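Trainee: One structure, as structure tokens, below. Some questions next.
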Amino acid sequence: MKINFLTVFLFSILLFTAIFILPDFALAITAPTVSFVGGDNSQGGGFYDPYDSLIVFKISTAEPRFDYFEMQYSDNGQSWSDIAADCEEISGPSNLSCYWSTTGIFALKLWFRARSIHNEASSQSQFYDTSNLSLSHRNLVNYTTNFFTESFDTAEFESEMTTANWDINIGRKLLELNSDEPPLPPYQDYGLALSTNLLAGDQSSDAIVTGVIVQPVQVIGAGQSVDYKVSDDGINWQSISFPAGQIVPAAQEFDFENPAGHQLFWRAELSTNNNQKTPRVYQVRINWKENHTPQACFTVEPTSNFLDPRQQYFFNASCSGDYEDSLTEMKYRWYCEDAEHPFDTGFQTGGYTHTEQFNSTSTFVINLEVEDTLGAQDQYQSSINEESLAGGIYGWMWGAVGYGSSKVGAGWTSLNCDNVYDGTSINFCGYIDYGLQMDEQYIWGWAWNSYWGWLCFGATCDYELYGYPPRETTEARVIYSRSDGTVNGWGRFVNAAAISQEAGGWLQLRGLLESSEPWCGGEEVDLCTHLNFEERTMEGFAWSAWTDPQYPGEKLGPGWQSFEYAYINLPWLETLYGTMYSQTGGGEGSNVAPPAGEFTASYCILSGGDIVNYESGIGCSQEGYTQIAFPSANNQYRNILGIIDFDRILDGDEYPQILSSSDDVDGILPNVLGGKVYYFTNEELTDYIINEPFIIFNARNVDSSGAGTVVIDGNLRINSDFYYENVAVTSQIENLASIAWIVKGDVIIDPNVANIVGAFIVLGQEGIIESGQFKTGYDFNDPKKLLVKGLVMAKGMVFDRYYRVAGASSEQIIYDGRALVNTPPGLEDVARALPLWRETFATTQIEE
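For the sequence shown, our numbering assigns the number -10 to the initial residue and increments by one for each residue that follows.
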């Protein structure tokens, strides 16, 4: 057998090539060139968008015998998945522009790698790889209220498709025109995609949809278009167009002309005049707006009049509000269903005030219904002439020794069923309700003595039953002076009337003895009955004695009665869900401790001085506490809680700022605070005023903040109620309304104000020791409870409220946590300490 050396030689060359050269060639194939050039990722990195839904990159190779690119991603750097990116040729199949949808890939970081495949998959290049794709994915429920995204990962909302295609493959996830020769062009020139009702599965609300904000993620080239339409009924459509060439165009907003209900539809019409190209839609984002329920509220003046049935009552619902409609646009219905005086105004546009005369001193319940222009309603209820059994005067009257032959005294007489003994609450209400009441000039009501029985005061001593007082020709009255506190008038131990119908049992509060000598004492000490407004007590002596029918020459009766343990409606302070601090002292000896089962502070009470009649809900009280110093210019507004950075708050660089020289605070502040600082300053002004009621609304729009900080360069006078919107935030917490008031003066609250909200930081004016007071208002003439939802920090607090009904506190401060969960601008450092500081703050003596 002859050997062909030429054949052997050629075979050897092939073998050598296969063993040595081809592997070297494979190893020598360099990785493709990849550049990330933009897309949705570059529009905000996920901060503005619920997903980083689209990454645009270019990939190319110059190596020979190229077949295709292999692209993969990983969310852990270990396991890899193929990407079917949507790619177009730039200059041939080895130079591509690709669009990669990351919708549905929930990861903060992605690894990406790609390589080129050559020679009919017999060889491949090295990998290009990167681990720098940081994605800030946000779950939709934390994005914003009423937000929907069609990401095309399913066709769930499809009801009709005409030559349009939903591609749900990993990496593509897009809407495009169908191809006549799938999967290659040419494409159809027109296609339609139509959704079902997007809100069909929304069980959380049935509110009317009033408008939408729409934003697509798209790629539209020359000769291509996408016409988007939205509808609130599936019949009437409104077009929205976006410019070509922008992957994420600016969102567009509009309102429906005639809102139809809780429905929402969208459709997209795709077209092209180049059948080699198709417009591509990767995502459609829709933020819809709902009509919000109004918030009903009203005040009444006066709240009661037990003496004059002809009193006219003025009802004012200007504290009501609505996010969309003004007071004059809404409808109001006032009605009362009490049989003694029923009335119903029906709904009246703009009728937010009402006047009514009841011709009775009975208690009446008044109802208000408020309706906005789209029919949403809210209601509010309050009452007039409410008998506050535990209000007015309470405590004890004492009579040790009786007068006359029987020497019968009176002992203790209880002035109220909800009473106090030595600072401790004793409540007999519910079994038998009684008590002394007072308004701006009269005292009336019932007291109880275990020996003599019931004791009526003033107008309660009905002259038809008990006659006229001795030497009087008019019915009994107890009248007091608001200037000096002197008390004049009569009461009667009614059981004693059986002994002497004409004179028996009458109690004289001020007057002369039968010897014509006064018992009221000298100029400095008033021994007759009087009110001590400073100490909030009822003091002095009253006299009750009459002729003994069995011994005409003798007198009989309880004798002298002393009001040495009687109090004028002493209020008590309540702070909920927080700790109370005082730099120098908490409470005074004249304070009344909270009723049984109630507490001054939910948690601890910490004071640099004594703690008197203030009680902790968990038994935590510490005197001599010195770790809190009040923030001031001297310590750069810093203490253990953090720093209030005035320079950063007011320079306008970090936070948007609204600067105002007006004193009209409520007129300047918007309904939604928008994450801004509102700075009120004017060298010619010392006082800035809230005169009209208002509501601080939650934010609604995309990436909008409901927080805001108001800086007052002087005193803040609060003459009207203001509230937070009473609607929960179910999406991003930044929408929650949250206001901070930084006051470089005093906060002075009118006694008619009952509700205020916010974090009050009352710094005062530098150099003035008494400046920086939080004053709740002297409400003696018309007592009202003050409710503060937020927190208070001030140099001093003056609690002046008299209100006391059924053991309720006169001032109540509820730490609601808003300053922590949605911190107003500039208070971030202070908010970090709030879990330790949650509450009412005072750094000088608390007055009450």
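Note that the Cβ used here is the ideal one computed from N, Cα and C, for glycine as well.
Small disclaimer: the values here were computed from a predicted structure and weren't measured.
Grab the span of the alpha helix (DSSP H) containing Leu454 for me, first residue to last.
Mentor: Per DSSP, Leu454 belongs to the alpha helix (DSSP H) from Tyr452 to Tyr455.
Trainee: Three-state secondary structure (DSSP) at Thr475?
Mentor: Looking at Thr475 - three-state DSSP - the assignment turns out to be strand.
Trainee: Check Ser31 in the structure and name its three-state DSSP category.
Mentor: In this predicted model, Ser31 has a pLDDT of only 40, less than 50, meaning its place in the structure is not dependable enough to derive any value.
Trainee: Consult DSSP for Leu780 and reduce its assignment to one of helix, strand or coil.
Mentor: Of the three classes helix, strand and coil, the one that applies to Leu780 here is strand, per DSSP.
Trainee: If you measure between the beta carbons of Ser260 and Tyr341, is that distance less than 7 Å?
Mentor: Their beta carbons are not under 7 Å apart, which means Ser260 does not touch Tyr341 by this criterion.
Trainee: DSSP three-state label for Thr338, please.
Mentor: The answer is strand: DSSP assigns Thr338 an E or B state.
Trainee: Could you tell me if Asn21 is buried or exposed, where buried requires 16 or more neighbouring beta carbons within 10 angstroms of its beta carbon?
Mentor: In the sequence on display, residue 21 carries Pro and not Asn. Result: buried.
Trainee: Assuming Ala808 is part of the alpha helix (DSSP H), what are its boundary residues?
Mentor: Arg807 to Val810 is the extent of the alpha helix (DSSP H) around Ala808.
Trainee: Can you tell which of Phe683, Ser727, Asp710 and Gln241 has its C-alpha closest to the C-alpha of Ile738?
Mentor: Minimum Cα distance to Ile738 is reached at Asp710.
Trainee: Run through DSSP, which three-state label would Glu723 get?
Mentor: In this structure, Glu723 counts as helix in the three-state DSSP scheme.
Trainee: Under 7 Å between the Cβ atoms of Pro740 and Asp768?
Mentor: Going by C-beta atoms, Pro740 is nearer than 7 Å to Asp768.
Trainee: Excluding the 5 residues flanking Phe417 on each side, which residues of the same chain have their C-beta closer than 6 Å to its C-beta?
Mentor: Hits under 6 Å: Cys406.
Trainee: Secondary structure at Phe785, three-state DSSP: helix, strand or coil?
Mentor: First, the amino acid is wrong: residue 785 is Gly here, not Phe. Of the three classes helix, strand and coil, the one that applies to Gly785 here is strand, per DSSP.
Trainee: Less than 7 Å separating the beta-carbons of Gln497 and Trp549?
Mentor: The answer is no: Cβ separation not under 7 Å.
Trainee: Please return the same chain residues whose Cβ sits closer than 7 Å to the Cβ of Leu674, not counting the five positions on each side in sequence.
Mentor: Around Leu674: Asp652 and Gly703.
Trainee: Could you tell me if Asp642 is buried or exposed, where buried requires 16 or more neighbouring beta carbons within 10 angstroms of its beta carbon?
Mentor: The residue in question, Asp642, is exposed, as its Cβ has fewer than 16 Cβ neighbours within 10 Å.
Trainee: Going by DSSP, name the residue or residues bridged to Trp226.
Mentor: Answer is none; Trp226 lacks a bridge partner.
Trainee: Helix, strand or coil, according to DSSP, for Ala696 in the structure here?
Mentor: Of the three classes helix, strand and coil, the one that applies to Ala696 here is strand, per DSSP.
Trainee: Could you check if Pro682 is buried or exposed, using at least 16 other CB atoms within 10 Å of its CB as the buried criterion?
Mentor: Counting Cβ neighbours within 10 Å, Pro682 comes out buried, since at least 16 surround it.
Trainee: Can you tell which of Phe446, Phe287 and Ser470 has its C-alpha closest to the C-alpha of Phe906?
Mentor: Nothing about residue 906 can be read from this structure; the chain reaches only from -10 to 837.
Trainee: Would you mind sorting Ile685 into buried or exposed? The rule is 16 or more other CB atoms within 10 Å of its CB.
Mentor: With 16 or more Cβ atoms within 10 Å of its Cβ, Ile685 is classed as buried.
Trainee: Mapping the DSSP letters down to three states, classify Asp652 as helix, strand or coil.
Mentor: Residue state, collapsed to three classes: coil.
Trainee: Quick one, which of Gln426, Leu648, Gln241 and Glu563 has its alpha-carbon nearest Ala555's?
Mentor: Here the closest residue by C-alpha is Gln426.
Trainee: Using three-state DSSP, classify Arg637 as helix, strand or coil.
Mentor: Of the three classes helix, strand and coil, the one that applies to Arg637 here is helix, per DSSP.
Trainee: According to DSSP, Asp156 sits in a beta bridge with which residue or residues?
Mentor: DSSP lists Leu163 as partners of Asp156.
Trainee: Suppose the cutoff is 7 Å on Cβ atoms and the five residues either side in sequence are ignored; what does the same chain contact list for Asp222 look like?
Mentor: The answer, listed in chain order, is Ala249 and Gln252.
Trainee: Could you say which of Glu313, Phe287 and Ser214 lies nearest to Val270 if we only look at CA atoms?
Mentor: Comparing Cα-Cα distances from Val270 to each of Glu313, Phe287 and Ser214, the minimum goes to Ser214.
Trainee: Within the chosen definition, does the region 308 to 326 reach the region 284 to 294 through at least 3 CB pairs nearer than 8 Å?
Mentor: Output reads yes: the region 284 to 294 touches the region 308 to 326.
Trainee: Helix, strand or coil for Asn671, going by three-state DSSP, please let me know.
Mentor: Asn671 falls in the coil class under three-state DSSP.
Trainee: Using the three-state DSSP reduction, which class does Thr119 fall into: helix, strand or coil?
Mentor: Three-state result, Thr119: strand.
Trainee: Assuming the contact rule is C-beta atoms closer than 8 Å, Phe304 and His343 should be a hit. Round their C-beta distance to whole Å, please.
Mentor: Indeed they touch by this definition, with Cβ atoms about 4 Å apart.
Trainee: So is Ile275 buried or exposed if we call it buried at 16+ other beta carbons inside 10 Å?
Mentor: With 16 or more other Cβ atoms within 10 Å, it is buried.
Trainee: Between Asn263 and Phe254, what straight-line distance do the alpha-carbon atoms span, to the nearest angstrom?
Mentor: Roughly 29 Å separates the two Cα atoms.
Trainee: Count the C-beta pairs between the region 225 to 232 and the region 159 to 176 that are closer than 8 Å, then say yes if the count reaches three, no if not.
Mentor: No: the two stretches stay apart, fewer than three of their Cβ pairs being nearer than 8 Å.
Trainee: Could you tell me if Glu279 is buried or exposed, where buried requires 16 or more neighbouring beta carbons within 10 angstroms of its beta carbon?
Mentor: Buried, because 16 or more other Cβ atoms sit within 10 Å of the Cβ of Glu279.
Trainee: Enumerate, from N- to C-terminal direction, the unbroken beta strand (DSSP E) stretches of 3 or more residues contained entirely within the region 202 to 259.
Mentor: 213 to 220, 227 to 229 and 241 to 244, all fully within the region 202 to 259.
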